[in-house]
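Its first residue numbered 1, the sequence shown is counted upward by one per residue in full-length UniProt numbering. Cβ coordinates follow ideal geometry from the N, Cα and C atoms, glycine included. The model shown is predicted, which means the values in this text are computed figures rather than measured ones. Notes follow the structure.
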Amino acid sequence: MSSSWLPCLIQSSSLNVTVKIPMKEKPRTDKLLSLLFVQQNDPWGKKGHSSLAARLCSKIPGTDFKIEEDKFYSEMWMGTYPRVPSYVISTGESLQDFLKKRPDLIGKSVVNRFGPDLPFLPKILSMDKALPLQIHPDRQLAQQLHHKDPKKFGDTNHKPEIAIALSEFELFAGWKPLNDMAALFQLKPLERFLLTPQTHFTDETLKAVAKALLEAPESVVAETLDKLVKMPPSAFGKHTYIPNLLGRLRKQYSEFDNGNLIAALCMNYMTLQPGDSVYIPADGMHAYLSGDIVECMARSDNVLNTGFCPRPQRDSVALFTEALSFWPHDPDEALLGKHPSEKSEKGKTLEYAPPISEFNMLTTHLGSGEKETIKPIAGPSVMVVTSGSGKLIAEGKTVNLSEGYVFFVGQGIPLHFEAQKGMVVYRAYAE
Numbered sequence: 001m002s003s004s005w006l007p008c009l010i011q012s013s014s015l016n017v018t019v020k021i022p023m024k025e026k027p028r029t030d031k032l033l034s035l036l037f038v039q040q041n042d043p044w045g046k047k048g049h050s051s052l053a054a055r056l057c058s059k060i061p062g063t064d065f066k067i068e069e070d071k072f073y074s075e076m077w078m079g080t081y082p083r084v085p086s087y088v089i090s091t092g093e094s095l096q097d098f099l100k101k102r103p104d105l106i107g108k109s110v111v112n113r114f115g116p117d118l119p120f121l122p123k124i125l126s127m128d129k130a131l132p133l134q135i136h137p138d139r140q141l142a143q144q145l146h147h148k149d150p151k152k153f154g155d156t157n158h159k160p161e162i163a164i165a166l167s168e169f170e171l172f173a174g175w176k177p178l179n180d181m182a183a184l185f186q187l188k189p190l191e192r193f194l195l196t197p198q199t200h201f202t203d204e205t206l207k208a209v210a211k212a213l214l215e216a217p218e219s220v221v222a223e224t225l226d227k228l229v230k231m232p233p234s235a236f237g238k239h240t241y242i243p244n245l246l247g248r249l250r251k252q253y254s255e256f257d258n259g260n261l262i263a264a265l266c267m268n269y270m271t272l273q274p275g276d277s278v279y280i281p282a283d284g285m286h287a288y289l290s291g292d293i294v295e296c297m298a299r300s301d302n303v304l305n306t307g308f309c310p311r312p313q314r315d316s317v318a319l320f321t322e323a324l325s326f327w328p329h330d331p332d333e334a335l336l337g338k339h340p341s342e343k344s345e346k347g348k349t350l351e352y353a354p355p356i357s358e359f360n361m362l363t364t365h366l367g368s369g370e371k372e373t374i375k376p377i378a379g380p381s382v383m384v385v386t387s388g389s390g391k392l393i394a395e396g397k398t399v400n401l402s403e404g405y406v407f408f409v410g411q412g413i414p415l416h417f418e419a420q421k422g423m424v425v426y427r428a429y430a431e
């Protein structure tokens, strides 16, 4: 295949990344499109070959991307969001431009509901440091923010998301049970953040406490953190991890970051194993700490940050706390289960189904020599091979697969997979 490519260089001004794609050819009519995209270099990413996102990106056909061991590699996006586009290898066009000319690949039902773009945005993230403590505004707030500042808030959509662990994955998601927080805030260093010394915890109480933590002066944050890390783990009840975790966060973003306190004291600290997943609702506070994940979200890039980032990058505390939702209130409530998929013919595929309409996620795990067939899906999908190798048979054609390969799949075609020494494929879809 590669012998037919005519390389040209495209510079992504927003990402400062060069990718190599072919010169434009006559558009193909098939529904299986190999994709090319760029790698991002956020400082929370992993360095060099330790980054799964970088390793996958380096193996995509047609890229001139080379991993440098002293650089951070954080994420790759696989969709139609204009800020970080994907490209169709066979034509050189962005996937967004290609699909505008071929709405039949998305399907009438999905176009009627969501418009001509993919309603979802899958990503691979590799993290060695906490991402900003954040929420994504719901549709109503997104519309207001976009109207006021379209440059910063580039769309009017909400952004619920799922994150599936590809390695051990640490994160903060949602809120601790109210009774747990009520007990923690009886600790002497934390009494100053309560309305009254014996405050009864409700969601309204929590909103006030969150606001107090986020508005606290740097000196108060540092003093409180210093007192907490010196306390014995047993003082924190069942949350014995808190002092060590606070010490770790302090090293990443300094003792002055308000996010340290609200995350460790109020949020669910979770460690997931490969295959485990969480669902983050719109306006759900979260921060990812470490690991490699497949992430998928409704098509949006709107975000409000309040911690684990430089102070000038933080949004208004009043806006942030007003937008907060207070679900989930338990780590188990944040988990998203998986079930055998009805799309599978051989039982090798599981499905993650978040409580939203924009997408579901399939994951196909094959051992050496195993096979799987996925029934036709009545909508668009994007698939990525995260490990292993094998073959894909679709529309009468056989395509070799290897880790890092990414494809857009048009609606209405079955896919047949054959693994060589094992293979794992993730596939986001809408219908």
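Check                                                                                                                              : Outcome
Selected residue, minimal CA-CA separation from Trp-175, among Pro-414, Leu-362, Glu-223 and Pro-328                               : Pro-328
Meets three-Cβ-pair contact criterion under 8 Å: the segment 31-42 and the segment 85-101                                          : yes
Under the three-state DSSP convention, the category Pro-22 falls into                                                              : Any reading at Pro-22 needs caution, since the residue's pLDDT is 46, under 50, leaving its predicted position unreliable; the model's value is listed next. In this structure, Pro-22 counts as strand in the three-state DSSP scheme.
Rounded C-alpha distance that separates Tyr-354 from Ala-287                                                                       : Inspection of the sequence shows that residue 354 is occupied by Pro rather than by Tyr. Distance between the alpha carbons of Pro-354 and Ala-287: 19 Å.
From Leu-133, Gly-62 and Tyr-81, residue whose alpha carbon lies closest to that of Val-317                                        : Leu-133
Local conformation of Arg-427 per DSSP, three classes                                                                              : strand
Beta-carbon contacts of Asp-203 that lie in its chain and below 7 Å, excluding the five residues immediately before and after      : Phe-326
Contacting residues, own chain, Cβ-Cβ under 7 Å from Ser-219 (five flanking each side not counted)                                 : none
Reduced DSSP category for Cys-266 - H, G, I as helix; E, B as strand; rest coil                                                    : helix
Identity of the residue in Glu-255, Tyr-269 and Gln-144 nearest Asp-226 by Cα                                                      : Glu-255
Local Cβ density within 10 Å of His-158, reported as buried at 16 or more and exposed below that                                   : buried
Local conformation of residue 432 per DSSP, three classes                                                                          : As displayed, the chain neither begins before 1 nor continues past 431, which places residue 432 out of reach and without an answer.
Integer Cβ distance of Ser-74 from Asp-42, believed to fall under 8 Å                                                              : 4 Å
Beta-carbon separation (whole angstroms), Phe-65 vs Lys-47, contact threshold 8 Å                                                  : Going by Cβ atoms, the distance from Phe-65 to Lys-47 rounds to 15 Å, so no, they are not a contact pair.
Own chain, CB closer than 6 Å to Arg-28, minus 5 neighbours either side, in chain order                                            : In this prediction, Arg-28 scores a pLDDT of 47, lower than 50, which makes its location untrustworthy; the coordinate-derived value is nonetheless stated afterwards. So the list reads Ser-90, once near-sequence residues are dropped.
8 Å Cβ shell around Pro-177 - same chain, five flanking residues per side excluded                                                 : His-329 and Asp-330
Proximal residues to Phe-139 (C-beta, below 8 Å), its chain only, five neighbours per side dropped                                 : Phe is not the amino acid found at residue 139; the sequence shown has Arg there. Here the set comprises Thr-156, Asn-157, His-158 and Ala-282.
Gly-379 classed as buried or exposed, judged by whether at least 16 other C-beta atoms fall within 10 angstroms                    : buried
Counted within 10 angstroms of its Cβ, other Cβ atoms place Lys-238 as buried (16 or more) or exposed                              : exposed
Alpha-carbon to alpha-carbon, Glu-333 and Asn-268                                                                                  : 10 Å
Closest by C-alpha distance to Leu-78, when choosing among Leu-289, Leu-125, Ile-356 and Leu-319                                   : Position check: residue 78 holds Met in this sequence, whereas Leu was assumed. Checked all of Leu-289, Leu-125, Ile-356 and Leu-319; the closest Cα to Met-78 is Leu-125.
Contacts around Gln-252, its chain only, beta-carbon distance under 8 Å, and the 5 residues preceding and following it disregarded : Lys-129, Ala-130 and Phe-308
Beta-carbon proximity check, Glu-345 vs Thr-373, cutoff 8 Å                                                                        : yes
Inter-residue Cα distance where the pair is Ala-53 and Lys-188                                                                     : 43 Å
Enclosing alpha helix (DSSP H) for Val-209 [first to last residue]                                                                 : 203-215
N- and C-terminal bounds of the alpha helix (DSSP H) containing Met-181                                                            : 178-184
Beta-carbon proximity list for Gly-404, same chain, < 6 Å, skipping 5 on both sides                                                : Leu-56, Lys-59 and Ile-60
Separation of Ser-167 from Asn-390, as counted between CA atoms                                                                    : Residue 390 is actually Gly in this sequence, not Asn. Going from the Cα of Gly-390 to the Cα of Ser-167 covers about 22 Å.
Rounded straight-line distance, which links the Cα of Glu-161 to that of Pro-137                                                   : 12 Å
Residue(s) in a DSSP beta bridge with Trp-327                                                                                      : Per DSSP, none; premise fails for Trp-327.
Member of Phe-408, Tyr-241 and Thr-224 whose CA lies at the smallest distance from the CA of Asp-257                               : Thr-224
Candidates Lys-101, Arg-192, Val-209 and Phe-172: closest to Met-181 by CA position                                                : Val-209
Straight-line gap, Pro-197 to Val-111 (C-alpha atoms, nearest Å)                                                                   : 55 Å
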